[in-house]
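The structure under discussion appears below in the form of structure tokens.
There are 2 protein chains.
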Amino acid sequence: MEVQLKRGSLEVCVLASLLKEDSYGYKIIQSLQEVVEISESTLYPILRRLEASNCLKSYSVEHNGRLRKFYSITEKGKDKIKEYLQDFQELMNIFNYIAKEVRKDD
Amino acid sequence: MEVQLKRGSLEVCVLASLLKEDSYGYKIIQSLQEVVEISESTLYPILRRLEASNCLKSYSVEHNGRLRKFYSITEKGKDKIKEYLQDFQELMNIFNYIAKEVRKDD
DNA sequence: CATAGTACTATGCGTTGTATAGTATTATAC
DNA sequence: GTATAATACTATACAACGCATAGTACTATG
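Protein chains in written order, with the numbering used here: chain F, 1 to 106; chain V, 1001 to 1106.
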């Protein structure tokens, strides 16, 4: 999948994965595996950005003598998901236009 | 519409608009108006990129004593559209996942 | 005891959408 | 008759984001 096309979607994908329950970096990558390939170098900056913009809150839990950083979604994070769902409708318009022009061309 | 979400789609949108007939910068902006808002500063770099990557060819036609630059789509450009249509299916998977998680949360 | 898995941080790059500004001609309106 | 809008394009510079790469460090498994 072309890199550019993922832009804006990965972030929201991560947010959505936290709706059900709080989670931490490594586990988020595992749980999103089926939906989209996301690497550490992509996820961790996303988590930091989302926390900085108050879409996520974090807290640490000790696990095997080390701290595991859990993230939980905020109301602002939920709002961001809703905005995405709306924006995606517009993107669908673009997609539909392209598909339509292709059909005309056949 | 969030800027990041447009990434990768605008380019293909421009390509698709040239399937029907050759066109030039100003007219492309007009014709895409209903589908997506695209400004000069977005379109012209796209046109140059697409030409540099051989997805478009260009030729100039005199109009009112000035040269008007027409673009026509190449086979490579058409291939790029097809790739986009496929990639978009993957993006839809991401979208569907997000929408599903939101429904669960209600 | 080496390898794989777990868990996270830091640095840096390329692509792309867009703002801003500049150039220059023609058509319309006051 | 001159100001404004429309036409048509070029050039520069920026910010955001996905991702590659590398490093740290601990635990479990064979």
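Using N, Cα and C, we set each Cβ at its ideal position, and we do this for glycine too.
Residue i, buried or exposed, once every other Cβ within 10 Å from all chains shown has been counted against 16
i: residue 1012 of chain V; result: buried
i: residue 1016 of chain V; result: buried
i: residue 106 of chain F; result: exposed
i: residue 1059 of chain V; result: exposed
i: residue 1097 of chain V; result: buried
i: residue 67 of chain F; result: exposed
i: residue 8 of chain F; result: buried
i: residue 146 of chain F; result: For residue 146 of chain F there is no data in the structure shown, the boundaries of chain F being 1 and 106.
i: residue 1084 of chain V; result: buried
i: residue 6 of chain F; result: buried
i: residue 3 of chain F; result: exposed
i: residue 1014 of chain V; result: buried
DSSP three-state assignment for residue i, whether helix, strand or coil
i: residue 1036 of chain V; result: coil
i: residue 1066 of chain V; result: strand
i: residue 8 of chain F; result: coil
i: residue 92 of chain F; result: helix
i: residue 51 of chain F; result: helix
DSSP beta-bridge partners of residue i
i: residue 72 of chain F; result: F:57
i: residue 23 of chain F; result: F:71
Candidates the options: closest to residue i by CA position
i: residue 1072 of chain V; options: V:1018, V:1007 and V:1094; result: V:1018
i: residue 1023 of chain V; options: V:1083, V:1092, V:1095 and V:1056; result: V:1056
i: residue 102 of chain F; options: V:1086, V:1092, V:1103 and V:1095; result: V:1086
i: residue 1081 of chain V; options: F:99, F:81 and F:88; result: F:99
i: residue 51 of chain F; options: F:89, F:25 and F:92; result: F:25
i: residue 1 of chain F; options: V:1049, V:1095, V:1062 and V:1090; result: V:1090
i: residue 1079 of chain V; options: V:1092, V:1027 and V:1053; result: V:1053
key: Residues of the segment 63-81 of chain F whose Cβ lies closer than 7 Å to any Cβ of chain V, in chain order   = 81
message = To be precise: take each residue of the segment 1-15 of chain F, compare its Cβ to all Cβ atoms of chain V, and keep it if any distance is under 7 Å. Which residues remain?
response = 1, 2, 4, 5, 7, 8, 9, 12 and 13
ask   = Which residues, taken in chain order from the segment 18-49 of chain F, show a beta carbon closer than 7 Å to some beta carbon of chain V?
value = 19, 20, 35 and 36
task = Closer than 7 Å, Cβ to Cβ, to anything on chain F: give me those residues from the segment 1091-1106 of chain V, in chain order.
result = 1091, 1093, 1094, 1095, 1097, 1098, 1099, 1101, 1102, 1104 and 1105
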